[in-house]
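This report concerns only the one structure given below.
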Amino acid sequence: MNASILYKDIYKIRTFEEKVLELFSLGHLRGTTHTYIGQEANAVGVISNLNSNDFVVSNHRCHGHYIAFKKNLYALLCELMGKSDGVCGGRGGSQHLCDGTFYTNGIQGGILPLAAGLAYGAKFNQTGQIAVVFIGDGTLGEGVVYETLNIASKWELPLLVVVENNQYAQSTPIQLTLAGTISKRFEAFGINATELSSFDVLEISNAAKSIIDRVRESSKPYGLILNTYRFASHSKSSDGRDPAEVESMRKHDCLQITERLLQESQIESIQGIVNDEVEKVVLQALEA
Amino acid sequence: MKFIESIRNGLDSLLGNYPEVVLYGEDLIDPYGGAFKVTKGLSTKYPDRVWNTPISEAAIIGMSAGMAMCKMKPIVEIMFGDFTSLGVDQLLNHLTKYAWMYNNQVETPVTIRTAMGGRRGYGPTHSQSLEALLSTIPGLSIIAPSHYHDPGRILQQAVLEDSSVKVFSEYKLLYPQELQTPNTVKSGLTLDVSSDVYPIAHLSNCEFDNPEILIISYGGNALLLEQVLLDLLIEYELSAQCALPARIKPFDPLQIQHLISEAQVVLVVEESPKCHGWGAEVVATLSEAGLLSGKNVFRIGSAETPIPSSMAQEEQVLPSAAQIMETISQILV
Amino acid sequence: MENKYLLPVEDVNDDKATITRLCFNDGDLVSKGDVIYEFETTKALVEVDAEHEGHIFYAVKVSKALKTGQVVCVITNNPNYQFAISNNPQPDASYMLTKKAQAFVEKNNLDLKDLDLSGIVREKDLAALLPNGPIGHEEHILFLSRSRNDVSYLLSNPEFRKLSSEEKIEWYRIQGHEIGENCKIGDGAVLIGNKITLGSNVSIAEGAYIESPEITLNNHVTIGRDTNLVASRLKLGAFTKVGDRVVIDISGGRNTDSSFICGTNCLIASESYVNVCHQVELGDHVALSPRSMIFTHSYWQSILDGYPAQFGPVSFARDSWLGAGAQVLPNVQIGEGAIVMSGSVLAKNVNAYELVGGIPAQVIKENINKKLSPSKKMTQLEELFADFNTHLRQHGFKSRLHSARKICLDDEGSITHLSLSQAYTQEDPNSILLVLEMDETGTSPAGEIYAIQQHRAYGAPSRVGRLLTEFLRRRGIYFISSNYEQAYSLHSSTS
Numbered sequence: 001m002n003a004s005i006l007y008k009d010i011y012k013i014r015t016f017e018e019k020v021l022e023l024f025s026l027g028h029l030r031g032t033t034h035t036y037i038g039q040e041a042n043a044v045g046v047i048s049n050l051n052s053n054d055f056v057v058s059n060h061r062c063h064g065h066y067i068a069f070k071k072n073l074y075a076l077l078c079e080l081m082g083k084s085d086g087v088c089g090g091r092g093g094s095q096h097l098c099d100g101t102f103y104t105n106g107i108q109g110g111i112l113p114l115a116a117g118l119a120y121g122a123k124f125n126q127t128g129q130i131a132v133v134f135i136g137d138g139t140l141g142e143g144v145v146y147e148t149l150n151i152a153s154k155w156e157l158p159l160l161v162v163v164e165n166n167q168y169a170q171s172t173p174i175q176l177t178l179a180g181t182i183s184k185r186f187e188a189f190g191i192n193a194t195e196l197s198s199f200d201v202l203e204i205s206n207a208a209k210s211i212i213d214r215v216r217e218s219s220k221p222y223g224l225i226l227n228t229y230r231f232a233s234h235s236k237s238s239d240g241r242d243p244a245e246v247e248s249m250r251k252h253d254c255l256q257i258t259e260r261l262l263q264e265s266q267i268e269s270i271q272g273i274v275n276d277e278v279e280k281v282v283l284q285a286l287e288a
Numbered sequence: 001m002k003f004i005e006s007i008r009n010g011l012d013s014l015l016g017n018y019p020e021v022v023l024y025g026e027d028l029i030d031p032y033g034g035a036f037k038v039t040k041g042l043s044t045k046y047p048d049r050v051w052n053t054p055i056s057e058a059a060i061i062g063m064s065a066g067m068a069m070c071k072m073k074p075i076v077e078i079m080f081g082d083f084t085s086l087g088v089d090q091l092l093n094h095l096t097k098y099a100w101m102y103n104n105q106v107e108t109p110v111t112i113r114t115a116m117g118g119r120r121g122y123g124p125t126h127s128q129s130l131e132a133l134l135s136t137i138p139g140l141s142i143i144a145p146s147h148y149h150d151p152g153r154i155l156q157q158a159v160l161e162d163s164s165v166k167v168f169s170e171y172k173l174l175y176p177q178e179l180q181t182p183n184t185v186k187s188g189l190t191l192d193v194s195s196d197v198y199p200i201a202h203l204s205n206c207e208f209d210n211p212e213i214l215i216i217s218y219g220g221n222a223l224l225l226e227q228v229l230l231d232l233l234i235e236y237e238l239s240a241q242c243a244l245p246a247r248i249k250p251f252d253p254l255q256i257q258h259l260i261s262e263a264q265v266v267l268v269v270e271e272s273p274k275c276h277g278w279g280a281e282v283v284a285t286l287s288e289a290g291l292l293s294g295k296n297v298f299r300i301g302s303a304e305t306p307i308p309s310s311m312a313q314e315e316q317v318l319p320s321a322a323q324i325m326e327t328i329s330q331i332l333v
Numbered sequence: 001m002e003n004k005y006l007l008p009v010e011d012v013n014d015d016k017a018t019i020t021r022l023c024f025n026d027g028d029l030v031s032k033g034d035v036i037y038e039f040e041t042t043k044a045l046v047e048v049d050a051e052h053e054g055h056i057f058y059a060v061k062v063s064k065a066l067k068t069g070q071v072v073c074v075i076t077n078n079p080n081y082q083f084a085i086s087n088n089p090q091p092d093a094s095y096m097l098t099k100k101a102q103a104f105v106e107k108n109n110l111d112l113k114d115l116d117l118s119g120i121v122r123e124k125d126l127a128a129l130l131p132n133g134p135i136g137h138e139e140h141i142l143f144l145s146r147s148r149n150d151v152s153y154l155l156s157n158p159e160f161r162k163l164s165s166e167e168k169i170e171w172y173r174i175q176g177h178e179i180g181e182n183c184k185i186g187d188g189a190v191l192i193g194n195k196i197t198l199g200s201n202v203s204i205a206e207g208a209y210i211e212s213p214e215i216t217l218n219n220h221v222t223i224g225r226d227t228n229l230v231a232s233r234l235k236l237g238a239f240t241k242v243g244d245r246v247v248i249d250i251s252g253g254r255n256t257d258s259s260f261i262c263g264t265n266c267l268i269a270s271e272s273y274v275n276v277c278h279q280v281e282l283g284d285h286v287a288l289s290p291r292s293m294i295f296t297h298s299y300w301q302s303i304l305d306g307y308p309a310q311f312g313p314v315s316f317a318r319d320s321w322l323g324a325g326a327q328v329l330p331n332v333q334i335g336e337g338a339i340v341m342s343g344s345v346l347a348k349n350v351n352a353y354e355l356v357g358g359i360p361a362q363v364i365k366e367n368i369n370k371k372l373s374p375s376k377k378m379t380q381l382e383e384l385f386a387d388f389n390t391h392l393r394q395h396g397f398k399s400r401l402h403s404a405r406k407i408c409l410d411d412e413g414s415i416t417h418l419s420l421s422q423a424y425t426q427e428d429p430n431s432i433l434l435v436l437e438m439d440e441t442g443t444s445p446a447g448e449i450y451a452i453q454q455h456r457a458y459g460a461p462s463r464v465g466r467l468l469t470e471f472l473r474r475r476g477i478y479f480i481s482s483n484y485e486q487a488y489s490l491h492s493s494t495s
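Protein chains in written order, with our numbering: chain A, 1 to 288; chain B, 1 to 333; chain C, 1 to 495.
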C-alpha cells in the first residue's frame with residue numbers, strides 16, 4: 001500500500017476534524033461531535049483494503065471512517081451543519097450517516113446486528129461483499145455485541161469486527177470497565193482475533209489486508225483489536241484525562257509517524273491539496 | 001380453515017413464490033415447528049430459508065434490518081410478544097429510524113411476527129399484549145388481525161407491499177379458531193369485511209338497524225366481543241357493532257367514520273393496559289376528527305398490574321364480557 | 001378416595017380434544033398402567049394410562065369433544081360411584097329467544113311449536129310472525145272476562161248505573177279498579193272492563209257507556225253525555241275531551257288490534273263515529289270535528305261474490321285535524337299537522353302539513369305550517385297584548401298599557417301586572433318560551449303563568465286569567481285545558 005495515499009487520507013481526516021472543532025467554536029455547528037483525532041490510522045489502514053461495495057458500519061465517532069471510505073467532505077460537512085446537501089439531508093447529523101454501503105448509528109452496540117444482517121445478506125445473495133463494523137472499547141459493555149458475535153460465528157457470516165480500543169469509554173478508563181481481555185471475548189465465540197498496538201498505518205493496513213482476505217475467502221467472522229488513543233476529548237465536552245498522559249501519547253501521532261516515510265516535498269504537496277480542498281468545502285458548505 | 005393454518009399457508013406462499021423471503025426465530029424448525037406450531041413443516045420445505053436462532057431477540061431483530069437493506073424480505077418470529085421488549089432498542093433506535101434518518105436512502109421492510117395475549121395461564125411475563133407499548137414507537141406499524149379477517153392474506157400483503165417496519169401480532173387463543181366468513185359467522189351476527197390492504201372487519205348483531213353501540217377493538221378481543229354482541233342482543237335486545245381494524249397503527253379514523261354516526265355509546269376494548277393505551281389514542285384521534293361529540297365514550301383494557309397465572313385472578317385483570325356489559329348497561333339500560 | 005382424570009393439554013394450541021376410545025365399562029376394576037382411554041388432538045392419538053387402582057367411572061362418551069381440563073373419568077374404591085353433576089349438558093335448540101322475546105311469549109301466552117324460528121329471536125321477530133301483528137300495534141284480542149264477578153254483575157244489573165257518582169266510584173275501588181281523585185261518573189253512566197284505570201279529575205257525563213277489557217282514562221279526560229265507547233282496548237291521554245253522543249264500536253268484527261288509542265289533549269267532538277274493527281290511533285293534540293267518521297273496515301257483500309273488502313287501521317299523527325263531517329276509510333294514515341277539510345272523504349294517506357279536501361280528498365296545499373322566529377312570535381303577541389288591554393277595559397277593568405309588554409290593571413282595588421316575557425323553564429331550559437306572568441307585585445315568583453308555547457297554564461286562575469285564556473283561544477292560541485296545574489316556578493325570567 002502506497003504510504004503517500006494513506007497519508008493523504010490521514011491528513012484529510014485530521015484537517016477536517018480540526019476544522020469541525022473550529023467551526024463548532026464559531027457557532028456553525030450544533031449538537032455534538034465526536035472527533036477522530038489520533039485514531040486516523042485505524043480507519044485508513046482498514047478501509048484502504050476494502051472494495052467499494054463492501055459494507056462499512058460505524059458508530060458515533062464515524063467521521064474518519066466516512067472520509068476514509070466515501071471521501072466526500074462536502075456532503076459530510078453539510079450533514080454536520082444540518083444542510084440539505086448533507087449525506088442524509090441534514091436529518092442524521094454527526095452520528096447518523098448513510099451513503100451507499102456506509103451506515104452509522106449513535107447507539108452503542110446496536111449497529112452490530114445491522115452489520116451481521118448486511119453480512120448475512122451478502123452471503124445470502126452471494127455477492128462477495130463483506131461487512132466491517134467499527135466499535136470502541138466502551139461498546140464491549142453492551143450485551144447485544146455478544147449475541148451478535150455468537151450468531152456471526154455460528155452462522156459463519158463474512159463480518160469483520162474492528163475494536164478501536166482508545167482506552168476510554170467516554171471518560172471512564174478501560175481498567176474500570178473491562179474484565180478479562182478483549183481478545184478472549186472473541187475467542188469465547190470461536191472467532192479468531194488479531195490484536196495490534198500500532199500507530200503505523202502501514203502496519204495496520206497490512207494486518208487488515210490479510211484479515212479481510214480471510215473473511216472474504218472463508219466467509220467467517222474475524223476480530224481486529226486496534227489499541228489506539230484519541231487526542232481530542234470524547235465529544236464537545238471537557239476532557240477528564242490527565243493532560244500529561246495525553247501529551248505523552250502525542251509522540252504516537254500516526255500523522256507524524258507516516259510523515260517519516262515521506263519526503264518533505266510529498267508532504268507539502270499533499271498538505272497543500274488537502275488544505276485547499278477543506279477550505280473550499282468549508283466555504284461551499286457555509287454558503288449551501 | 002383455522003387461524004394458524006391461514007398464517008402458515010401465508011408463510012408457505014411467501015416462501016414458495018419469493019426467494020427473497022426468509023423466516024427465522026427461536027425453535028421454529030421441524031419437528032418442533034415453533035412454540036405455537038405456526039411454522040410446522042416450513043423448514044422441511046424451505047431448509048435454506050427457514051432457520052432457528054439462538055435466544056437473542058435483540059440480535060435477530062437487528063439483523064433483519066441489514067438483510068432488508070440487502071433486498072431480502074425477512075420475517076422474524078418472536079416466540080412470545082413479551083419478548084419483543086428485548087428487541088425494543090433495535091425497533092426504536094435502529095429499525096424504525098434507518099429509512100427516515102438516512103433520508104430514505106434505505107428501506108427496511110421487516111415483519112416481526114409474535115404471539116400476544118393472555119387467558120392461557122402463562123402468567124405475568126408470557127401473557128401480555130404489548131401492542132400499546134410498541135405503538136408508541138414512531139414509524140412502527142402494528143397489524144393484529146382477528147379470525148374475522150384472512151390473516152394469511154394480510155400477512156402476505158404486509159410482507160410484500162408494506163415497506164414499513166411491522167409487528168404482526170397473533171393472539172394466542174386465535175390459533176385454533178376457525179376463520180369466519182359472512183356465511184359461517186355465528187347465528188345472530190353479521191360480518192362485513194372491507195377490501196382494503198388492511199381490511200376492517202365489521203361485526204354486528206343486527207342486520208338493518210343503526211346500532212346504538214360501537215365497539216372498536218382488534219385481534220383476539222374479537223373472541224370476547226362476539227360473545228358481548230350476542231349477550232347484548234339476548235339480555236337487552238341492544239343493537240351493537242364491532243369494528244376490528246386489521247392494522248391498529250397507524251389507526252385510520254376514516255375506516256371507522258361510517259360506522260360511528262348513529263352510535264350513542266363508543267367503547268374501545270384492548271387487552272393492553274388501559275392506562276396510556278391504544279384506546280386513549282383511538283378516542284383522541286376520533287375526537288380530533290370530530291366524530292365523538294355527544295357520545296358516551298369508554299375505554300376498557302387490562303388493569304395496572306401484572307397478569308396473574310391463576311385463571312380466576314387473570315379474569316379480574318383482563319377485560320371481561322361482564323365488565324363490558326356492565327359499562328354499556330349503565331348507559332343504555 | 002376418588003382420583004379424577006382431567007383431559008390434558010397435549011398440543012399447545014388445542015383447547016379441546018375428542019375422546020376416541022373408553023377402554024372399560026363403568027365400575028370395572030382397573031390397575032395401574034392400564035390404558036383407560038384414548039383421545040385425539042389435531043396432531044395425534046394419545047393413550048392415557050391409569051395411575052391408580054380401583055373402579056373406573058367415565059364422565060364422557062366416545063366421540064365427545066371435550067375442553068381441556070374437564071373430567072374424563074374417575075378411579076375410586078367406591079363401586080357405586082356417581083357423578084354429582086353431568087359434565088356439560090348442551091341444549092340443542094335451533095333457536096334462542098332474547099329475554100324480551102321470552103317475556104313476550106309469556107305475556108301473550110304464545111305457543112312457539114308451529115312457528116318457523118331459527119337463530120336469535122327478538123321480540124319484534126315474534127311480533128312480525130303473529131297474524132296482523134305488525135310492530136307498533138296492540139297485538140292481541142282482548143275480551144271481557146265474563147267469569148269475573150264485577151263484569152258479570154255490571155252486565156246483568158242496569159240498576160247500578162243509577163247509583164250516585166260517589167257510590168259507583170267506591171264500588172269500582174272495592175273491585176280493585178284504580179280510580180283517581182276528583183272523578184265523576186254521571187247518572188246512568190257506567191264503565192265495564194276487566195281492568196279500569198281512571199286518573200284524577202276524570203269526568204264522565206250522564207248516560208255514557210264505556211265497555212272495554214282494558215279502559216285507561218288519564219287525568220282530566222272528559223266524556224260527554226250519552227257517549228258509547230266500545231273497544232278491545234281503550235286508552236285516552238290526559239286532557240282529552242270526548243263530546244256528546246260520540247260512538248266508538250267494533251262493528252265489522254273484533255280483531256287482534258280492535259283498540260282505540262288516543263294521545264293527550266285530543267278532541268273527539270260530538271256525534272263523531274269511530275269504528276275500531278282495527279286499531280285507530282290518535283297522536284297528541286288531534287281533533288276530530290263534529291260528526292266526523294272513521295272506518296276501519298269497508299265491506300258488506302261477500303268477496304266470494306266478487307265484492308271488494310277492505311280492513312285496516314287508521315292513524316292520526318300529532319297536531320292533525322279532521323274537519324266536520326269528514327270521513328276516513330281503512331288503511332289511511334294522516335301525517336303530523338295535516339288538515340282534512342270538512343265534508344271530505346279520505347281514501348289515501350295524507351302527508352305531514354298537507355291540507356287536503358274533496359271527495360275523494362286531494363292535496364290542496366302543502367307545508368301549511370310556518371316556522372316563525374321567536375321575535376316574530378313576540379311581535380304577534382304584543383299586538384294581541386294591546387288588544388287584550390282594550391278587551392279588559394270593555395269588561396270594566398281599569399287597565400293601562402304600561403309598555404308594549406306590560407299591562408297595569410286595577411282589579412277591584414288590587415293592582416295587578418300582566419307582563420309578556422321570554423323565560424326559561426326548568427322543564428325546558430334550552431328553549432325560549434313566551435310567558436305571560438301575572439302577579440300582584442310585578443315581581444317573580446309569579447302567581448299565574450301562561451306558558452304560551454307549551455299551551456300550559458300554571459297557578460289558580462283569577463278572573464283575569466280566565467278572561468285571558470278565553471281571549472287567546474278565540475284568537476288562535478289554545479291552552480291544554482281550562483284546568484290549571486299547580487303553581488310552577490320559573491327558573492329565571494326577564495322582561
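Where is the CB? At the ideal position from N, CA and C, for every residue including glycine.
When C-alpha distances from E47 (chain C) are compared across C:L22, C:S63, C:K61 and C:H55, the shortest belongs to C:L22. Within the same chain, C88, T104, N105 and G106 come within 8 Å of H96 (chain A) by CB-CB distance, once the 5 residues on both sides are set aside. Per the DSSP secondary-structure output, D410 (chain C) pairs in a beta bridge with C:K398 and C:I415. Neighbours of D15 (chain C) in chain B, taken as residues whose beta carbon is under 7 Å from its own, are P176 in chain order.
When beta bridges are read from the DSSP output, Q327 (chain C) appears opposite C:M293 and C:V345. Scanning its chain for C-beta atoms nearer than 6 Å, with the 5 sequence neighbours on each side dropped, one finds around P290 (chain C) the residues A269, S270, E271 and A324, in chain order. Around the beta-carbon of D116 (chain C), fewer than 16 other beta-carbon atoms lie within 10 Å, marking it exposed. Its Cα nearest to that of A240 (chain B), the residue B:V228 stands out among B:V228, B:M79, B:L173 and B:K249. In the structure shown, I307 (chain B) falls within a coil segment according to DSSP collapsed to helix, strand and coil. Contact between G82 (chain A) and G90 (chain A) holds, since their C-beta atoms are separated by about 4 Å, short of 8 Å. In its chain, beyond the 5 residues on either side, L286 have a beta carbon closer than 6 Å to the beta carbon of L292 (chain B). Residues S315 and N349 of the same chain have their beta carbon placed closer than 7 Å to that of Q333 (chain C), with the five preceding and five following residues left out of the count.
Below 8 Å, enough C-beta pairs join the region 134-149 of chain A and the region 162-169 of chain A to call them touching: three or more. Put simply, of B:L233, B:V283 and B:H276 the residue whose alpha carbon is nearest the alpha carbon of I256 (chain B) is B:V283. DSSP, read as helix, strand or coil, puts M79 (chain B) in coil. Contact check for K37 (chain B) against D11 (chain C) passes: the beta carbons are separated by less than 9 Å. Interface flag for A312 (chain B) against chain C is unset, since no Cβ pair is found closer than 9 Å. Shown here, G306 (chain C) sits in coil according to DSSP, grouped into three states, outside any helix or strand. Contact between the region 255-274 of chain B and the region 159-166 of chain B is absent: fewer than 3 CB-CB pairs across the two stretches fall below 8 Å. Contact note: T98 (chain C) reaches chain B through L233, I234 and E237, using a C-beta cutoff of 7 Å and chain order. In this structure, the beta-carbon distance from I4 (chain B) to N13 (chain C) falls below 9 Å.
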